[in-house]
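Notes follow the structure.
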């Protein structure tokens with residue numbers, strides 16, 4: 004892991020704030036692409052979201068979809084997964 008400094012207009016274009024991380028994809032012709040790294044949710048995040056909501060019952064697929072979407076929004080993935 005390293006540290007790179009970008010101009011303010013580049014940070015703004017990528018939607019980055021100082022200290023944010025970027026993802027770099029190396030291309031075969033010596034170029035690279037970069038994008039703002041987005042937080043990734045985990046199964047534990049979904050499980051935590053469901054705690055206390057099920058009262059021990061099995062959830063329907065629709066209820067699971069809503070829970071996963073809410074976990075995605077909390078993880079910063081936009082309007083859900």
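Numbering (the working numbering), first residue to last: 4 to 84. Positions of the beta carbon are idealized from the N, C-alpha and C atoms, including for glycine.
Residue i - partner residues in DSSP beta bridges
i	result
residue 29	35
Coarse secondary structure for residue i, derived from DSSP in three states
i	result
residue 8	coil
residue 72	helix
6 Å Cβ shell around residue i - same chain, five flanking residues per side excluded
i	result
residue 12	none
residue 65	none
Close Cβ partners of residue i (< 7 Å) along its chain, the five nearest in sequence each way excluded
i	result
residue 31	none
residue 28	35, 36
Option nearest residue i by Cα separation, candidates the options
i	options	result
residue 17	59, 40, 34, 5	40
residue 42	24, 20, 8	24
C-beta neighbour in chain D for residue i, strict 7 Å
i	result
residue 51	This model lacks chain D altogether; it includes just one protein chain.
Quick test of the definition: if touching needs 3 or more C-beta pairs under 8 Å, does the region 30-48 touch the region 59-69?
no
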